[in-house]
Each structure stands twice: as structure tokens, then as C-alpha cells.
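Chemist: Just passing along the structure, written as C-alpha cells.
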Amino acid sequence: VGRSEIESSRTGNPYAEKNLVISRLDLMSRDEDIMARIESTDWDMIVVDEAHKMSASFFGSEVKETKRYKLGKLLGQVTRHLLLMTATPHNGKEEDFQLFMALLDTDRFEGRFRDGVHVVDVSDLMRRVTKEGLLKFDGTPLFTERWAYTVNYSLSDPETKLYADVTNYVRDEMNRAERLTQEGEGRRGNMVGFALTILQRRLASSPEAIYQSLRRRKERLEKKLREEKLLKRGAEIGIDTTRGLPEFTQEEIEELDDAPGSEVEAAEEEVVDQASAARTIQELEAEIAALKRLEELAMQVRRGKTDRKWDELSKLLQNTPEMFDLQGYRRKLVVFTEHRDTLNYLVERIKTLLGKPETIVQIHGSMGREERRKAQEVFMQDKNVHVLVATDAAGEGINLQRSHLMVNYDLPWNPNRIEQRFGRIHRIGQTEVCHLWNLVAHETREGEVFDRLLKKIEEERKALGGQVFDILGKIFQERRLRDLLVEAIRYGDSPEVKERLFKVVDNALERNRVIQLLKERALAHNVLDARAVLRIREDLERAEARRLQPHFISSFFIEAFKLLGGSIREREPRRYEITYVPAIIRNRDRQIGAGAPVLERYERVTFYKELITVPGKPPAAFTCPGHPLLDATTDLVLERYRDLMKRGSILVDPNDTGENSRFLCYLEHEIQDARIDRAGKRRIVSREMQFVEMDENGHAKTAGYAPYLDYRQMTDEERKLIEPHIKDSWLSRDLENKALSHAIEHIVPGHLENIRKFKETLVAKTVAAVKDRLTKEINYWDHRAEELKEQERSGQANARINSAKARHRADELQARLQKRLMELEQERQLSPKPAVVTGGALVIPAGLLERLKGQRTGEPALFSRERDKVEDLAMQAVMATERRSGRQPRDISGEKLGYDIESKTNDGHLLFIEVKGRAIGAQTVTITKNEILTALNKPESFILAIVEVDGDIAKEPVYIRQPFQKEPDFGVTSVNYDLGTLVGLGRLKGIAPVTAQP
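Taking my numbering, the leading residue of the sequence shown gets 5, the next gets one more, and so forth.
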């Protein structure tokens, strides 16, 4: 949501019209009307990126809140869940950190922090790690190394003269801007100073950028001169050269350091060509004359084709080994510049150098969001595109880890942006060491400062590792890097000034100070204990074994994509090339999509996270729920076949050898607490989908988390055979109420108990923290009130605060404590809502179909009893084997998860064992699709256990590791395997069950 969406909104409040909204922090915080619109909304969750911008600090005893902080307080009031994301929550000042944490819970962080009085535990409110501290479960680093290099170059003689003359112009105009500030025109002086720093940065960027900037500035000021001459008669009469310019305050100019790249570009373009310190027509004419001379000089440099900076980039592109892979093919490279003119210049020169215009794409602030995302996707997916040239509009929110090479053609004056840029390629999923080259004209005034800074950073990187890049935004706390560079420009001729600037840089990156900053960065760091890590790992292993992604997703997508006219071919195992995406899918994405656009072709896609990157092969787009290609395809299939789904289902269970049909009922169940939401209803804290099956006798049982995955559709022939059974009287009984009764007795209590355990722990900790903090604050103000009252009695009244105010503050805190404790008690009061049936299906067992087809003649009950006996003996044999192996097995066969036993190893990993018991003489064993896919989801942890049963005796189980290599086709629900071959495979692999290790 931006200005245009607000202005075109049907109700005037787009924040209330949509369920999903992305909006800029500064757009909201700077506009009281927008804040009022947000105040009337209600959200399930609000996520704030770069949340450290919402800062506040103490000024004396008062809290100084920024506009962003006030927005943060408002957002916390209109949402159930508030997630603050930041790399720098702690600036080294504990009281500021606690003000920041108060955005999450005002009561737990009430009042100014007093060391030794307030105890802080944020483990339940914050999860924090640094990049270099992140490890995979096997202990290896999650992020690769990163290396930075400084490429120094010297300007040619013409470039040196241009640099000196423009810098002198900038210095003189900055001095005039400073006089404006001293004489009471602070806002105008700030604007002019801002414009001149932009001009200086463009001078360092490229001959093209400074020429175009000087030309535009001259033309704008000439236009301004003509306007002023029409309004004024004398050359000495005062003029206003800032008329029509945006009125940035100094605070807003400083905030641009943290603003999105596209916003910075727009603000700079508005200011740089117009803001002038000239106060009379005569002064303006003199400035225009100076600009004409500089423009002419810049034109000469531009025409002379001498560009030492480009020469260095050209050498990097052609002669640097990292630019090419082992086969000699060019690797992908990102080149960052600060200015659009330089971007255009580089695009043309790189096209000429490489000789292939199609190998380069660009991203800049004038492009719309969709255009930028498309450029990103093309760079990531098109094997023929090798270079991306970008401004800082690509520095936020865009992932470019297809490349691990980057060049800073221009160095930003805000060191945070260096990390932001580097972070575009140094991301989760990056498998290569990341390399960054910084181009520096080390003999210029600002170049000397940058050269000193980069050398110090490299020294500290060698000593302390790559984490030094994470604190670049914190090293200049007393004086910003921008201020140092401006001072270098204005006074850099003085050896004393130069030495002082170098000392500031050296002190900023002094070893002990850097270590201290890294410690401060870790002040709020928390570490998961070993039990928590083990618990999370177990949950992840279970989730991986049961996931729909990739197998169900891949089989569905490939079938549906071909049905809609798409062309997809397997290029490497489980990695595909899409040579054509039909227009119908691309058009649907334009209607429903909100992220990256659907492309016409993809060099590689995969449904397997671990196959996104394969050595020597192109990276693949990870096609999973949420990817626009899958979402658009799914939406079209649902639209086309929705009517079929509404008619209800009759499904076949191919693994049920019995002859009794059953009814599968799926229902939704919710847990609520005693809090009341804005709609006047009790707040829902948990919602689950549950499945219940009922047989012909009305007996109900819990059916597991997704029993339908093993069922198949019925053929036309089978439907005719089963038609009489569909009309059986038991199906007309009150099945819905029986399902609900079973849920109330067997499902709801477990659901309620799980949520109660979680809530009780959370609420108990919050109650203790709130009581501790507010009670101490109440005691403090009680004592303060008595102190003040005593002073007032003795005639020594406090001018800033009296005893009545202190007493009022204590009473107010007491009321807040009681109110919060009541709310927390309401959060504890959980109650289940009635379960609601949302659908159902008739399930026909394969055994009944066999009977109706004449393929079975024996007694059904006897057949079922024998099968159950064999399976029970097989389970007992495997459980005993696992215990003898020193593992801890758990029978979960009743949950129908795709495996029967979950067995914990000595090192805490889980094994997932599917047990197949067969009577002596059996020739085949049936494996369901769900079981095969579970095996493929966790191939290193899945075991197929075959147990042959002779009468009442189960033989030694045979364990088979990785028994399946590929998933069944889309329409297949089970596969029959030769029993002897499987047993032989297990023995051939030499895996004895008693000594099997994970």
C-alpha cells in the first residue's frame, strides 16, 4: 500500500480493505492520517523488517520517541501477533534495548532500566543468532565464507583536473550553505548541503554521471534564474532558490540512510539539480557560470574516452580467475552503482565488452516492483544472462545468491549499505565462497578515507572472521562516515585534518572496540539448550518424513502442468527444464500473483530443496507452495474441476483386505481462551483438522493425520459393482453425530491438553516477569512520593515533579498490574469449542471389491484374523530387535503415518520403520504410495522391515535400507513387490537387524 493505493481506495482505507498488506515504515510513521487509518484496523499478525529503526531513548527522565517508535506502539495495539525482525536490536545501551523490547510487552519493560534492580529474561520473546554463528544440525556452518578486496586506481590527468575543480565548487558552495544555517536558514542550508554531497558522489562515480548531473543542474538553475528575473528587477534583490523543493528536515535527510534504495534515488533526483545557496540573482548567475565551465570540462573528459575506473572493472571482468568456472564459462556477477547515469553507462560498456547484449540485465529505482522482480528472476534462471548492474534498489528484499561475485563500482557513504549489498549474495542457500571487489580512487580526498577504512576492515576480518561485516553500521557511532567524508572534501588539503580523519577511522576499527561491538551484538543472544535442539531436530525429522513436498507436489504439478499445455523435461535426476509456460498460466499469475512473476521458461526447476544447487549444473527454482508457477497452476486446476469436488467422494482403500466399508469424516476443531476480541467473540488460540472413520456397526476410531493419501479413486466398473452397497441402511444413520461424539471423547481432550501445556508455561513466565517489573516500579514511585512529600513539608519542593504526580504514577501502575494479571488469567482459561464436520467420503475396502469380482471365496472373518495375527507377530519381532540394538522403539502403527515404528538412536536421531509381516509361502508384498514417499522423504532414516511368519513363530526381521529409488506415477496408490527379491536385497546389503546403525 502506497500513496496511490490510498488515494484510489474505495473506502479511503486500503489497510481495512485487504487481508494481506505490505507498506513502508516511513510512509506510515510520517503521516498522521495514515496512522489514524491503521488504528481502526485489526490484524492477526504484523511483521516489521529492519525493526531497529523504531527506536526511542531517554532524555533525562523523559522518553524521546521517534515517529517510527510511535508507529511501533500503534502496530502492537492492532495485532494479535507482532514480529520484529532486525540484525541489531541492541545498540550497547541496555535502557534503549528495553525501550525497544517494550514494543512487545510494555508491562514487562516498564520504566527506566536500573542495573541491579531489574532482571531481564527475553528468551521467550527473542531468538537471535549471527550469520557466522549459524550452524546446521550436523555442526557445519550455514553460511559460506566471504572475502573483500580493494582495487585502487589513479585518475588520469584530465580526470584529476575535473575532480579538483568540481570538488572546489562543492567545497565553496558547502561553505555558503553553512553560512545559511548560521544565519537562521537551517532547513535551506541542510537541503543545499545534501544536494552538494550527492554531486560529489556522482563525481566519484563516473564521467557520465558527473557530466549529466552538472548539465541538469545548470539547466534547472537557468530556468530558476529566468523565473526570478520575471519576479525581481534588481540583481541584488533576494531570491528563493528552494521554492518548489521538498522540505526535508535534517532528521528526514538522516533517515534516508536507512530508506529503501528506490526512495533514496527519488529524493536525490528531486534535490540535486535544484538546491542552491545563491540568495541574489547576481549570485545565481555566478554559480551558473561556474557550472558551465565545469560542464565543458566534464564533456572533454567524457569525449576523451579516458576512464580509469572502467579500465579496472574491464580488467576484473576479463582477467580475474573467479569470473570463470572450471570449464571456462563466465560466472554470474552483480555490479552495484549508486547512480542511474552510471548504470546506463556501465550497461552499454559491458555489452560492448562482452559482445552479447542479451547477457546483461539491470535493476534501478525507476523500475516498478514487478519489473525489478522479473529482472531478478531472469538473472537467476536464464543461463545466458551473466551480469546484473544495479543501484541500491536491488540492495533490499532481493535474493541474488545465484551469483557469489560482486563489485562495488561506487562505495556508499553509509557503511550499512555495504553489508546490505553483500547480503544479496551471502544468503542461506549460497554454496560458494562470496567475493567482493571495491573500486577506490585512493588519491582523492574521500578515496583516501575509504582506502584507510577498507584496509582496517580487512585487518579485522583476518583477525576476527567474516562477522566484522555485520557491525559496519555500528563502527561510526560518534560521527557518521558521511560526516567524515564531507570534512575530507572541505578540509582534506590540510595534513592535520587528514591525520585526524585517519585517526577517527583507526579508532572506529580498533581491535578492542570491534570486539566490544561484537559482544554488544551478542548481548541479547540466546542459545538453545541441548534438549531443546534435540526436540526441534526430532520434530523436523518427523515433518520431513511426513511432508507432501516434494513427492505429492511434484507428481501433481507435472501432471497438471502438462494438462494445461506446458512443456517440462527431466534434465538431471529430479531436476527439470521448462521450455514453455503456457500463456494461460502466465495470465493467471498476473491476476492472482503478488510476488515474482511467472516466466516463459525456466532453465531448471526442482521440487527437492537439497537439489536447488548441484555442482556443475545450473541452480534451480525451488517449486513449492507459494511459488507463483505452482500457485497459478493450482488455481487453474481448481477452477476447472471445482464442481467435481463438490459432489463428494467414494474412495478405495487398496490396503484393506477386509470386506466392511467405512465412512471417513473430516472435522475442524478449535480451542478458545477467555479474552474477547474486537468482534466481541472469545479469541481462538488453536485450530486443527481431524479425521474420524466409522464402520458399518457404528464404531468410530481416529483415522490419523491424512488417511486419504493411501486411497485411490474408483473405476467405472467398480462403481457399478458397489452401487447396491452405497444404498446400505447404515449410511443413513446419524454418522455425523457419532463422529462428533468420538471427537469429544477421544480427540478434543488431547488437543486441549497440548495447548494447555504450552499456554501454561508461557503465561506463568509472563506473570512472573510482569509482577516483578511493575511491583518494583510501584515501590519506586511509592518511595519517591514519600520523599517528595517530605521535601514539600520542609519547603524544598521539586520544580519538575511533586508528590501528587508521583503518587498518581504509583496508583496508575498498580491499576495496570491488576488489569494485566486479569488478562493473563483469561489467557489461561482455555475451553474447547464444539467440533464441526466439514466433509466426508465413503471408503470401500479392496477385499470387498475382490469378493464382488469373484476373486475371493474364503470366509472374510478368518482371512482378517490371520492377517492381523501375522502383522502383530511381525511388529513384536521388530520391536524386540530394536530394543536389543539399544534403541528406543515406539509403536505408532495406528496413526497411519507411512511407517509403523519410530525408533530413537543413541545419538538422538529417529529411524522410521515400516513393518511388513507375511506368512511363509507368500510371493508378494504390497507397499502403499504413502509408504514409498515417506521412504523417499527420509532415505537415510527409513527402514523397510520384512518379517516372515511360520504359524506362531516370527523369523528374524530383514532390514532393507533405501528400498525405493523413485516415486510411483501420479495415479498409482500402491505397488506389489516380489517378496523373495526384497528379502534377498536386504541380505545382500548385509544389514543385520541386531547391529544395524543409523
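Using N, Cα and C, we set each Cβ at its ideal position, and we do this for glycine too. In this text, all values refer to a predicted model and were calculated from it rather than measured experimentally.
1) Can you tell me whether Lys731 is buried or exposed? The criterion is at least 16 other CB atoms within 10 Å of its CB, across all chains shown.
2) Can you round the beta-carbon distance between Glu938 and Arg550 to whole angstroms, since I take them to be within the 8 Å contact cut?
3) For Ser798, count neighbouring Cβ atoms within 10 angstroms of its own Cβ and tell me buried if that reaches 16, exposed if not.
4) Starting from Pro849, follow the alpha helix (DSSP H) in both directions and report where the run begins and ends.
5) If you follow the beta strand (DSSP E) that Trp47 is in, where does it begin and where does it stop?
6) Buried or exposed, going by whether 16 or more other CB atoms sit within 10 Å of the CB of Leu527?
7) For the structure I just gave you, are there three or more beta carbon pairs, one from the stretch 341-359 and one from the stretch 204-217, closer than 8 Å?
8) Tell me whether Gln822 sits in a helix, a strand or coil according to DSSP, three-state version.
9) Please tell me whether Gln830 has its Cβ less than 7 Å away from any Cβ of chain D.
10) Within 10 Å of its beta-carbon, does Leu642 have 16 or more other beta-carbons around it, so buried, or fewer, so exposed?
11) With a threshold of 16 other CB atoms inside 10 Å of the CB of Leu24, please say whether the residue is buried or exposed.
12) Report the partner residues of Glu69 according to the DSSP bridge assignment.
13) Can you give the Cα-Cα distance for Pro1030 and Asn420, rounded to whole angstroms?
14) Kindly list the residues whose CB is nearer than 6 Å to the CB of Gly843, restricted to its own chain and excluding five residues on each side of it in sequence; keep chain order.
15) Short check: CB of Leu828 to CB of Ile675, under 7 Å?
16) Buried or exposed for Gly921, please, with buried defined as at least 16 other CB atoms from any protein chain shown within 10 angstroms of its CB.
17) For Ile582 versus Val609, is the C-beta spacing smaller than 7 Å?
18) Looking at Leu603: is its Cβ nearer than 7 Å to the Cβ of Glu381?
19) Would you say the stretch 487-498 touches the stretch 420-433, given that touching needs at least three Cβ pairs under 8 Å?
20) On the DSSP bridge list, what partners appear for Ala704?
21) How long is the line joining the alpha carbons of Gln703 and Ile654, rounded to whole angstroms?
22) Assuming Tyr173 and Leu298 are in contact, meaning their beta carbons sit under 8 Å apart, how far apart are those beta carbons, in whole angstroms?
23) How big is the Cα-Cα spacing for Thr719 and Leu853?
24) Alpha carbon to alpha carbon, how far is Arg373 from Phe113?
25) Going along the chain, which residues of its own chain have a beta-carbon closer than 8 Å to the beta-carbon of Ile364, five neighbours each way excluded?
26) Of the choices Gly890, Leu159, Glu816, Leu948, whose alpha-carbon is the least far from that of Leu983?
27) In the DSSP assignment, find the beta strand (DSSP E) that holds Tyr670 and state where it starts and stops.
28) With a threshold of 16 other CB atoms inside 10 Å of the CB of Leu87, please say whether the residue is buried or exposed.
29) Nearest to Leu159 by CA position, among Lys313, Leu320, Ile367, Cys628, is which residue?
30) Give the straight-line distance between the Cα atoms of Thr15 and Lys22, rounded to the nearest whole angstrom.
31) Report all residues from its chain with a CB closer than 6 Å to the CB of Gly902; omit the five preceding and five following residues, and keep chain order.
32) Do three or more CB pairs link the stretch 624-639 to the stretch 679-690 at distances below 8 Å?
33) Roughly how many whole angstroms lie between the Cα atoms of Ser559 and Arg682?
34) Spatial neighbours of Glu700 within its chain, please: C-beta separation below 8 Å, excluding the five flanking residues on both sides.
35) Which residues does DSSP pair with His439 in a beta bridge?
36) How big is the Cα-Cα spacing for Ile805 and Leu31?
Modeler: According to the structure data:
1) exposed
2) The identity of residue 938 in the sequence shown is Thr, whereas the question assumes Glu. About 7 Å separates the two Cβ atoms, so the contact holds.
3) exposed
4) No alpha helix (DSSP H) holds Pro849; the beta strand (DSSP E) holding it covers 840-849.
5) 47-52
6) Residue placement at Leu527 is poorly supported in this model, since its pLDDT is 47, which falls under 50; the coordinates still yield a value, given next. Under this definition Leu527 is an exposed residue.
7) yes
8) helix
9) As a matter of chain content, chain D is missing from the structure shown, which is built from one protein chain.
10) exposed
11) exposed
12) Ala60
13) Here the chain covers residues 5 to 1002 and nothing more, so residue 1030 does not appear.
14) Tyr670
15) no
16) buried
17) yes
18) yes
19) no
20) Met698
21) What sits at residue 703 in the sequence shown is His, not Gln. Near 20 Å, if we compare the C-alpha coordinates of Ile654 and His703.
22) 6 Å
23) 11 Å
24) 39 Å
25) Val351, Ile354, Lys355, Leu358, Val389, His390, Val391, Leu392, Val393
26) Leu948
27) 666-680
28) exposed
29) Lys313
30) 11 Å
31) Asn934, Glu935, Thr938
32) no
33) 43 Å
34) Asn664, Ser665, Arg666, Asp732, Trp734
35) Trp151, Leu409
36) 37 Å
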